[in-house]
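Visitor: Chains A and B are the protein sequences, given in the same order.
Per this note's numbering, the first sequence runs over residues 1 to 351.
Per this note's numbering, the second sequence runs over residues 1001 to 1116.
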Amino acid sequence: MTELIIDAASHPFPVASDDLRRYMSEPFAHLRFPTYDAYFYPPPHTEYMATAIDAGGLPGSDPTLFDKEIFGNAGTAGAILLPLTRGLLPDLDMANEICSATNRWLADQWLARDPDRLFGSIRINPADPVRAIREIDEWATHPQMVQIAVPLQAHQPYGQRIYRPIWERAAFHGLPVAVHADALAGNEFWPTAAGYPFTYAEFAAQNPINYTVHLLSLIAEGVLEEQPDLTFVFADGGLDMLFPILWRSNADWRPLRSVTPWVKRNPLTYLKNQVRFCSNSLEGPTEREAIPKWIASVDAEHLLMYASNYPFSSFQAPSAFNQIAPATRARILGGAALECYPKLRRKHVSP
Amino acid sequence: MAPRRVCRIDDLPPGGRKIVDGGRRGLGLFNVGGTVVALSNYCPHAGAPVCRGGVTGTTESERRYEAKWVRQGEILRCPWHGWEFELKTGRSITRPFRSVQTYQVTVEEGWIVVDD
């Protein structure tokens, strides 16, 4: 039997960085803004898979190559597109406009061409909650926009009260919130708690640990308790790093309960009910035979959703999960995403 | 053991505490607003002399960021790991399925009588 495969995170790009301007209004469209690859940790070689690059455009910009890889080779039945923006720009209005333009571009250039198999993410700028709510309301009823997307980088952890209206709005519309590393082209804080590492290698290995910071904040400040139907999706790996910290937090939260009496359940319960992680080819044990044991010990059956991460070189095919027990594999490859995304569940037809 | 007199009620005014011999590991006597209770001086979590911990209150909440201070004088906080116990029942708030052992207490002729 063919398994239903949902790709919970792939990343389309415009043909050229400046193409986004066509979807921007003035006075922003004529101004300069960072390109996608203006990282302060540029990967030393390439960070994209060769098969996602055509002669003319940015990696991941060619719909034909995308369809061939995702719907053809990988056998995916539905793909959730999570376009990147340009990092935390000090100019909040420009950051807002980039989000709006990205949403218009995504709906026009990608979602419209395949309403049955392509799904989208509403990019918002969480540093401006009032504007972010307007953006959510504008797109929430689009049948293919299945989630909200925010950068992993932030100036305050996502549990903090400044973000409260945004998460309330997401819950109101029944939209999960995806957190994914963004373009690192703005005024981001240092990516580790001890400062800026020297190399891309250090950065790439450590950056996902910031998911844990957001997650503990969402638990401790009561966001997950207050919004029991809200799901957070950490969309680029990190499940491997999470558990040692969650185990510790779980052991500690009861004795420290009186400080946060609004947190009624233990961290692992919130995790299982309201948090999902996308898979990433870089995580997990080095020995392939240890993978099933790892899958069991991090409760991947509940928490993990398959994501290709196309067009990045950390691309992962569904075959990466071939040695997992069939029921668990079916859930990771597709079942968990159908459970997580109400719109996808309603719309999706089995292969 | 049969019920026995352990201390004069006049020596344990409301809010007071006395640690006395008794039970398997010593007893803590507490006067909680006029009600005298006796608890084993042994924390079910890790064996601390729990009755030497602070007598305090605790927090309750119905919504985010709201922490109401309640039950002042009714909560015993273990000196080792901060577990909270209800003085009147011995029940743990930290882990409600654990309890400090309690003993029956009566007051006769000005004496606190404990059946330990």
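In this text, a Cβ means the ideal position worked out from N, Cα and C, and glycines have one as well.
This one's a predicted model, so the numbers in the text were calculated from it and none came from an experiment.
(1) Quick check: the region 150-160 of chain A against the region 107-119 of chain A, are there 3 or more CB pairs under 8 Å?
(2) Roughly how far, in whole angstroms, is the beta-carbon of D229 (chain A) from the beta-carbon of A300 (chain A), given that I think they are within contact range, below 8 Å?
(3) Helix, strand or coil for R1071 (chain B)? Go by DSSP, reduced to three states.
(4) Three-state secondary structure (DSSP) at M49 (chain A)?
(5) Pull up the distance between the alpha-carbon of D240 (chain A) and that of P197 (chain A), whole angstroms please.
(6) Any beta carbon from chain B within less than 8 Å of S279 (chain A)'s own beta carbon?
(7) Give every residue of the same chain whose Cβ lies closer than 7 Å to the Cβ of W105 (chain A), excluding the five residues on either side of it in the sequence, and list them in chain order.
(8) Answer yes or no: does any C-beta atom of chain B fall closer than 8 Å to that of P255 (chain A)?
(9) With 16 as the cutoff for other CB atoms within 10 Å, does I1019 (chain B) come out buried or exposed?
(10) If you compare alpha carbons, which of B:T1058, B:E1074, B:L1012, B:P1013 is closest to P255 (chain A)?
(11) Does the beta-carbon distance from E47 (chain A) to Y310 (chain A) come in below 8 Å?
(12) Using 10 angstroms around the beta-carbon of P351 (chain A), count the other beta-carbons present and answer buried if the total reaches 16, otherwise exposed.
(13) I want to see whether chain A comes within less than 8 Å of R1052 (chain B), judged by CB atoms only; does it?
(14) Give the secondary structure of F71 (chain A) by DSSP, where H, G and I count as helix, E and B as strand, and everything else as coil.
(15) Using a Cβ cut-off of 8 Å (strictly closer), state whether T1089 (chain B) contacts chain A.
(16) Could you tell me whether any Cβ in chain B is nearer than 8 Å to the Cβ of S350 (chain A)?
(17) Let me see if you follow: with CB-CB separation under 8 Å, is M1 (chain A) close to chain B or not?
(18) May I have the straight-line CA-CA distance separating A325 (chain A) from Y211 (chain A), to the nearest angstrom?
(19) Just curious, the beta strand (DSSP E) that P352 (chain A) is in, first and last residue?
(20) Only counting the same chain, and skipping five residues up and downstream in sequence, which positions put a Cβ closer than 7 Å to that of G57 (chain A)?
(21) Report yes or no: do the region 183-195 of chain A and the region 1002-1012 of chain B share at least 3 C-beta pairs separated by less than 8 Å?
(22) K1018 (chain B) bridges to which residues according to DSSP?
(23) On the three-pair Cβ rule with 8 Å, is the region 199-210 of chain A touching the region 37-51 of chain A?
(24) Look up Q1104 (chain B) in the DSSP assignment and give the residues it is bridged to.
(25) In the DSSP assignment, the beta strand (DSSP E) including H173 (chain A) goes from what residue to what residue?
(26) List the endpoints of the continuous alpha helix (DSSP H) containing H180 (chain A).
(27) For the region 1025-1036 of chain B against the region 1060-1068 of chain B, do three or more pairs of beta-carbon atoms, one drawn from each stretch, fall closer than 8 Å, so that the two count as touching?
(28) Pop quiz: F1114 (chain B) and Y1103 (chain B) are said to be a contact at Cβ under 8 Å. What is the actual Cβ separation, rounded to whole angstroms?
(29) DSSP beta-bridge partners for D108 (chain A)?
(30) For P1014 (chain B) and T1035 (chain B), what's the separation of their Cα atoms in angstroms?
(31) Take A183 (chain A) and list the residues in its own chain whose beta-carbon comes closer than 6 Å to its own, dropping the five residues that flank it on each side.
(32) Jot down the residue ranges of each uninterrupted alpha helix (DSSP H) in the region 1035-1072 of chain B, minimum 4 residues, whole runs only, in chain order.
(33) DSSP three-state label for D137 (chain A), please.
(34) Which of the three DSSP states is assigned to G335 (chain A) in this structure?
(35) Kindly indicate if chain A contains any beta-carbon less than 8 Å away from that of Y1065 (chain B).
(36) With DSSP as the reference, label D7 (chain A) as helix, strand or coil.
Guide: On the basis of the coordinates in this document:
(1) no
(2) About 23 Å; that fails the 8 Å criterion.
(3) strand
(4) coil
(5) 21 Å
(6) no
(7) P14, L20, Y23
(8) yes
(9) exposed
(10) B:T1058
(11) no
(12) Only weak support exists for where P351 (chain A) lies, its pLDDT of 43 falling under 50; the value from the coordinates is given anyway. It counts as exposed.
(13) no
(14) helix
(15) no
(16) Unreliable placement is indicated for S350 (chain A), whose pLDDT of 48 sits below 50; the coordinate value is still reported in the next sentence. Not one chain B Cβ lies under 8 Å of S350 (chain A).
(17) Low per-residue confidence applies at M1 (chain A): pLDDT is 45, beneath 50, and the placement is therefore not dependable, though the value from the model is reported in the following sentence. Answer no: the Cβ-Cβ gap between M1 (chain A) and chain B never drops below 8 Å.
(18) 28 Å
(19) Since the displayed chain A opens at 1 and closes at 351, residue 352 (chain A) lies outside it and no answer follows.
(20) V15, A16
(21) no
(22) B:L1029
(23) yes
(24) B:D1115
(25) Taken as a continuous stretch (DSSP letters only), H173 (chain A) belongs to no beta strand (DSSP E), being part of the alpha helix (DSSP H) at 164-173.
(26) No alpha helix (DSSP H) holds H180 (chain A); the beta strand (DSSP E) holding it covers 177-180.
(27) no
(28) The identity of residue 1114 (chain B) in the sequence shown is Val, whereas the question assumes Phe. Indeed they touch by this definition, with Cβ atoms about 5 Å apart.
(29) None; D108 (chain A) has no bridge partner.
(30) 8 Å
(31) Y36, L84, R86, G87
(32) none
(33) helix
(34) helix
(35) yes
(36) strand
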